[in-house]
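Per our numbering, the sequence shown runs over residues 219 to 427. Below is one structure, written out as structure tokens; comments come after it.
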Amino acid sequence: MRKVLLLSLFVLGLGFALFNFKGLAHQGKFDSIVLDFREDIPAAQLTEQLEEIAQEYNVNPHLNSVFSVADNIYIVEGDKQLLKALKNSGLSKQTEYIEPNYLYSLPKPVDKNCSIGSSEQNSDYPTNPTFISPNDPYYSQQWNLRSINIESAWEETKGSGITVAVIDTGVTNVPDLKDTKFVKGYDFVNDRVEAKDDFGHGTHVAGTI
């Protein structure tokens with residue numbers, strides 16, 4: 219009975235989250251468009267297609283990042299008018315999707331103590347620090363962090379005093395996380411209080427956060 223109740227609450231919460239997520243599209247702004255070309259398109263054909271797009275719409279298609287080469291994900295600067303034109307151009311046969319590259323802004327905090335980078339919360343952190351690379355010897359391999367420009371976030375806050383919920387396979391006590399404070403977790407799969415990671419993914423995600 220308990221598992222059924224927990225599952226029902228999870229599905230209800232997920233549905234509510236998806237409902238709110240769909241509404242975000244109307245709140246976001248965009249000035250660029252994502253073109254995700256199929257991976258099976260020959261390189262020569264893709265190059266030709268990109269040149270045609272550049273000439274016809276006077277844009278400069280460029281890779282989203284150096285890590286987008288394998289997935290053929292390109293970005294073009296443009297608005298709703300260009301988005302409509304691209305979707306009606308017949309590119310759908312060669313692309314997996316053509317969508318706006320939405321940008322969202324965080325609401326201004328009501329309480330000054332909740333302000334990102336506030337002097338009270340981060341008094342040990344300089345207001346305008348010069349970014350210094352982490353001491354992680356494998357940071358250069360963390361393409362996902364560089365892809366979301368995490369360095370600029372570190373210039374605002376170190377994340378102290380923040381609690382993040384991780385819904386995953388659990389967490390294993392590894393050396394890199396020895397100084398991290400964890401609240402008591404729960405294993406909903408096996409219905410037990412112990413939430414040790416028996417797969418590895420949860421520890422990876424918690425470590426990334």
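Cβ coordinates follow ideal geometry from the N, Cα and C atoms, glycine included. Owing to the predicted nature of the structure, the values given are computational and were not obtained by experimental measurement.
Are the beta-carbon atoms belonging to GLY296 and SER358 less than 9 Å from one another? In the sequence shown, the residue the question calls residue 296 occupies position 78. In the sequence shown, the residue the question calls residue 358 occupies position 140. Contact flag unset, no.
Need the endpoints of the beta strand (DSSP E) that LEU253 sits in, please. Translated into the one-based positions of the sequence shown, residue 253 becomes position 35. Taken as a continuous stretch (DSSP letters only), the beta strand (DSSP E) holding LEU253 covers 250-255.
CA-to-CA distance, ASP386 to VAL252, given in whole angstroms: In the sequence shown, residue 252 corresponds to position 34, counting from 1. In the sequence shown, residue 386 corresponds to position 168, counting from 1. Distance between the alpha carbons of VAL252 and ASP386: 29 Å.
Nearest-angstrom Cα separation, counted from PHE400 out to VAL277: Numbered from its first residue, the sequence shown carries residue 277 at position 59. Numbered from its first residue, the sequence shown carries residue 400 at position 182. Cα to Cα, VAL277 sits roughly 48 Å from PHE400.
Per DSSP, the bridge partner or partners of THR428: The displayed coordinates of the chain run from 219 to 427. Any statement about residue 428 would go beyond what the structure contains.
Note the first and the last residue of the continuous alpha helix (DSSP H) segment covering VAL423. Reading the sequence shown from its first residue, position 205 is the one you call residue 423. Residues 419-426.
Going by DSSP, what residues sit across from ILE430 in a beta bridge? The displayed coordinates of the chain run from 219 to 427. Any statement about residue 430 would go beyond what the structure contains.
Using a 10 Å radius around the Cβ and a threshold of 16 neighbouring Cβ atoms, would you call ASN290 buried or exposed? Here residue 290 refers to the residue found at position 72 when the sequence shown is read from its first residue. Buried, since its Cβ has 16 or more Cβ neighbours within 10 Å.
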